[in-house]
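Under my numbering, the final residue of the sequence shown carries the number 1343; numbering is consecutive throughout. Glycine included, each C-beta is placed from N, C-alpha and C at the ideal position.
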Amino acid sequence: MVCLGNICRSPLAHGILQSKLDPSYFYVDSAGTASYHIGEQPDKRSIRIAQLNGIDIRPQSARQFLRSDLDTFDYIYAMDESNYSDILKLATKEEHRSKVKLFLDENENAKVKNVPDPYYGDLTDFELVFKLANETCDIIANKLIAQTFR
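Here you go:
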């Protein structure tokens, strides 16, 4: 899961998807395309909205997306088109480009294409991000489980 600073959207999506998958079979991580918050915990509002929904994202630590992530991960979900574009700039092979997806493209019910950045908003903006991420992570988790255990 990748957003800009790795403290709002991607940690929520990371925590949500992780809560839906068996860690014996799946590894979920998140990163930011920018280096603004490296080493920091998720935003307090992300932590709060996750906690209100039974998910603890406090152990997460922001990191910057690395070119090597294109080799490491099977799927890379960008929270918005800007971060999607930034990730693709690092991709040197078609194999890498094919791994990068726009997160909400997985959710045909989403009425928006980009997960809105709640950073300058309030808790209601984080609630919206949680709702979008939760719905989309349900879809992604079901696909991953079906592919892994068919």
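- In the DSSP assignment, K1294 falls outside any alpha helix (DSSP H) and lies within the beta strand (DSSP E) extending over V1293 to L1295.
- According to the DSSP secondary-structure assignment, Y1220 is paired through a beta bridge with no residue.
- The stretch 1263-1328 contains, as complete alpha helix (DSSP H) runs of 4+ residues, the segments 1274-1283 and 1287-1290 (chain order).
- Taking each of V1305, I1269 and D1262 in turn and checking the Cα distance to E1328, the smallest one comes out for V1305.
- Residue range K1237 to L1245 is occupied by the alpha helix (DSSP H) that includes I1242.
- Remark: three or more beta-carbon pairs, one from each stretch, lie closer than 8 Å, so the stretch 1223-1239 and the stretch 1250-1258 are flagged as touching.
- For P1204, the enclosing alpha helix (DSSP H) begins and ends at R1202 to K1213.
- Leaving aside the five residues that flank A1326 on each side, the residues in its chain whose CB is nearer than 6 Å to its CB run, in chain order, L1205, A1206 and I1209.
- Within the same chain, R1290 and V1293 come within 7 Å of L1281 by CB-CB distance, once the 5 residues on both sides are set aside.
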